[in-house]
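Chains as they are written, first to last, in the numbering used here: chain G, 1 to 383; chain L, 1001 to 1383.
Report on one structure; see the data block that follows.
2 protein chains.
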Amino acid sequence: MAEKLRQAHDDVIAANQQDMRAAEAQGADPAFCKRLLITEKIFAYMIDRLEQAARLPDPLGIVLEGHVEPSGLEVSRVSVPLGVIGIIYEARPNVTTDAAAVALKSGNAVILRGGSEAWRTNAALVKLMQAAIVEHGLPEAAVQMPASTDRQIVRELLRMDRYVDVIIPRGGKSLIKAVTEKSRIPVIKHYDGICHLYLAPDADTAMATALTVNSKCQRVEVCNALETLLVDQAAAERLLPEIGRALTAAGVEIRGCPRCRRILPGCKAAVAADWGAEYLDAILAIKVVDDLEAAIKHINRYGSGHTDGIVTGSLTSARRFQAMVDSASVLVNASTRLSGGGDYGMGAVVGISTGRLHARGPVGPRELTTYQWQVYGNGHLRQ
Amino acid sequence: MAEKLRQAHDDVIAANQQDMRAAEAQGADPAFCKRLLITEKIFAYMIDRLEQAARLPDPLGIVLEGHVEPSGLEVSRVSVPLGVIGIIYEARPNVTTDAAAVALKSGNAVILRGGSEAWRTNAALVKLMQAAIVEHGLPEAAVQMPASTDRQIVRELLRMDRYVDVIIPRGGKSLIKAVTEKSRIPVIKHYDGICHLYLAPDADTAMATALTVNSKCQRVEVCNALETLLVDQAAAERLLPEIGRALTAAGVEIRGCPRCRRILPGCKAAVAADWGAEYLDAILAIKVVDDLEAAIKHINRYGSGHTDGIVTGSLTSARRFQAMVDSASVLVNASTRLSGGGDYGMGAVVGISTGRLHARGPVGPRELTTYQWQVYGNGHLRQ
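Now the structure itself:
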């Protein structure tokens, strides 16, 4: 698929240019057009992701466990494909190749329903991926897209629980909500990323500052960007002035609680809605908390269970934080931006699940498998 | 909980007798009353299941995997409780203690919504289980039942996706269907068990007969009982006369395809609806198939992906069958009645999932856990 994509460079770019012109003619906003556009950098990234997926170990046929019962019955559990995966997404065309790669890597068939504005681009991509899989003996239908942009097709797809095993919506909250409500098929979904860092009393000033700035600023519009900073009251006077300077220098607007504003009088006052806000922007809420327990309580109340971290040198605090914060990823002394497939060594992922069932956190090829119980007897009966 | 149940014997039996009298007064049918009744044997079984669950290894805090990234970031995935589990079930009161045991074993809270006819029994059971957990420092609310039999409470429960993490319906198909359609919460469900055995050309006559009879007759009303027997045409004339005699002796009605009826002329003719029927009764459909591939095709078309088996001495046939039959449990030379938690060494289970996501096959304590990504850095930033 990577090879075919490289060969089809001009066709894909031409199709994408057609989509771009149509979107611009319809007055699509610049942010939307930016997501739709395949730049040379994105094109190279798409190839890279396909090659990366190819290099990953095969997640199928893994004996997850196995034992012999006292009766002599041999029981094992072996990973197998999940089945047919429906991906419903919006403008970004790189999702088309990313998702197909992850789904195929684990032996699944995939139905790709991208945004109607990217239809020509996606059709070009699906065509070349089909050519690649057919050349290697797989059925063409293992990678497919609907015949038209008709939204009725999506509604019908979501009711085909006999044929489709899981739906993965990728996009804004309204898309995810609509898909979840209408689907009869199980959904692996990705809601809010309301990520917190808690700076413990002993947090090193330089490390706390660097982790806060990196977590907030490395990329603001993504789900694992920091949205609320919790600072222990025992460290607030030491840490906040330096962190405030660094954030302001990076162009971040601070919205502080009363205790934060006593130390950083220049910052805006946080209102109730700031706790639990997913800004996806250069804004950070800061709250001074009484202690570790108050931080844990705040995170479990206002967080979204996506990614939360602590900065500390205390073993007790780190362990208590990990035990009590009920989130998919809990980090100690690391940037929230490191939560996700790539930095966890998973290679390619199709999203980050905020659900608790089946897959929690990054969804890579392994998360798109299920298992089969394989049992060997020698005429074993039930008594 | 087992100890408290033993102590509360008289209270539980008295409450159950009240439920029984009320059900009989309302003219409930005998099969229903039989499911509702706690006999001394069932009472002992309930205690045994609680003790069995207590003896199982703790499924929490298991490091499922872990590694160090080239950057030095330490990444691991650790099992944690799923959260709050809602069980919606019908008459059998032993589900109350079984389900609570499995859910609690993996650190979950459980909401038990049993049938209204068993309300007094369930209230007595929940009361003693609450007393037991409170004595051991757990919150009383970790095991609870709704305040009344009002069905509106169930409808509201199914919409509480913010608070309840998974719903497990146990009962007839109509209950499961209704719950699945109304629930906003993910459902682990258990639909049909349309189980097959395929007898390969080389199947040993004695083993094939014993496995067929045990799979069909050991208990007819359960999900892993045999419903369709597939016999290879190369072995039909050798195997069917003996199998037919054994089944008839066991009181089983045979519904055969034309080729089967040429060998067993006395049996009833199968109609189209017999392929894929879940009799849950002393009835067996028998079809003579051309070969292994025809058997696989039949099972994947008419089966329910629950449990299917092959009887053979051929390594190639066994491996091909396991690779191609897309079912939760695939057995070689073993009774279909052996698929399930107990015979897989899982101890206590809360059901057998026919879904593909999260849990497939028996649902024990481990299947009621999820995981958390735990990450340690030393000031690691995203570049």
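The C-beta atom is built at its ideal place from N, Cα and C for all residues, glycine as well.
Beta carbon proximity, residue i to chain G, threshold 8 Å
i           : result
Ser-1335(L) : yes
Tyr-1198(L) : no
Gln-1218(L) : yes
Pro-1146(L) : no
Glu-1117(L) : no
His-1384(L) : Given that chain L is displayed from residue 1001 to residue 1383, the structure contains no residue 1384(L) and the question cannot be resolved.
Leu-1073(L) : yes
Gly-1251(L) : no
Trp-1373(L) : yes
His-1009(L) : no
Leu-1381(L) : yes
Tyr-1344(L) : yes
Ser-1329(L) : yes
Leu-1056(L) : no
Val-1332(L) : yes
Ser-1314(L) : no
Ser-1339(L) : yes
Residue i at chain L interface by Cβ criterion, 8 Å
i          : result
Glu-237(G) : no
Asp-165(G) : yes
Asn-378(G) : yes
Asn-214(G) : yes
Gln-322(G) : yes
Thr-370(G) : yes
Leu-82(G)  : yes
His-358(G) : yes
Pro-139(G) : no
Gly-364(G) : no
Leu-64(G)  : no
Leu-211(G) : yes
Pro-201(G) : no
Range covered by the alpha helix (DSSP H) that runs through residue i
i           : result
Ile-1133(L) : 1119-1135
Ser-329(G)  : Taken as a continuous stretch (DSSP letters only), Ser-329(G) belongs to no alpha helix (DSSP H), being part of the beta strand (DSSP E) at 329-334.
Asp-1011(L) : 1009-1025
Cys-195(G)  : First-last for Cys-195(G): 195-199, but that is the beta strand (DSSP E), not the alpha helix (DSSP H).
Tyr-1302(L) : 1292-1302
Thr-1189(L) : Strictly speaking, residue 1189(L) in this sequence is Lys, with Thr absent from that position. Here Lys-1189(L) belongs to no alpha helix (DSSP H), and DSSP marks it neither H nor E.
Arg-1035(L) : 1030-1036
Span of the beta strand (DSSP E) around residue i
i           : result
Gln-253(G)  : Reading the sequence as shown, one finds Glu at residue 253(G) and not Gln. Note, Glu-253(G): beta strand (DSSP E), 253-256.
Ile-286(G)  : 283-289
Ala-109(G)  : 109-113
Thr-1316(L) : First-last for Thr-1316(L): 1315-1324, but that is the alpha helix (DSSP H), not the beta strand (DSSP E).
Thr-1307(L) : 1307-1311
Thr-1369(L) : 1369-1380
Distance between beta carbons of residue j and residue i, contact taken as under 8 Å
i           : j           : result
Gly-1377(L) : Val-350(G)  : Contact doesn't hold; Cβ gap of about 25 Å is too wide.
Arg-1049(L) : Ala-1132(L) : Not quite, the Cβ-Cβ distance comes to about 14 Å (not below 8 Å), so this is no contact.
Pro-1169(L) : Val-1154(L) : Not quite, the Cβ-Cβ distance comes to about 10 Å (not below 8 Å), so this is no contact.
Thr-398(G)  : Leu-112(G)  : The question about residue 398(G) has no answer, for chain G in this structure spans 1 to 383.
Ala-200(G)  : Ser-317(G)  : 5 Å
Leu-1368(L) : Ala-1142(L) : So it is not a contact: roughly 13 Å between Cβ atoms.
Lys-1105(L) : Pro-1059(L) : 7 Å
Ile-42(G)   : Asn-94(G)   : 6 Å
Asn-108(G)  : Gly-137(G)  : No, Asn-108(G) and Gly-137(G) are not in contact; Cβ-Cβ is about 16 Å, not under 8 Å.
Entirely enclosed beta strand (DSSP E) segments - the segment 216-242 of chain G, minimum 3 residues: 226-232
Residue ranges of each beta strand (DSSP E) within the segment 43-97 of chain G, 3 or longer: 63-68, 74-81, 84-89
4 or more residues per run - each alpha helix (DSSP H) lying fully within the segment 1154-1182 of chain L: 1173-1182
The segment 1311-1327 of chain L touching the segment 1267-1274 of chain L, judged by at least three CB pairs closer than 8 Å: no
Three CB pairs or more closer than 8 Å across the segment 1003-1015 of chain L and the segment 1356-1368 of chain L: no
Sufficient close CB pairs (3 or more, under 8 Å) joining the segment 179-193 of chain G to the segment 302-314 of chain G: yes
Contact the segment 80-99 of chain G vs the segment 158-168 of chain G: 3+ CB pairs below 8 Å: yes
At least 3 beta-carbon pairs within less than 8 Å: the segment 11-21 of chain G vs the segment 109-128 of chain G: yes
Inter-stretch contact at 8 Å, needing at least 3 Cβ pairs: the segment 1363-1380 of chain L / the segment 1059-1075 of chain L: yes
Three CB pairs or more closer than 8 Å across the segment 230-249 of chain G and the segment 334-349 of chain G: no
The segment 283-300 of chain G touching the segment 218-230 of chain G, judged by at least three CB pairs closer than 8 Å: yes
Any 3 or more C-beta pairs closer than 8 Å across the segment 260-270 of chain G and the segment 196-214 of chain G: no
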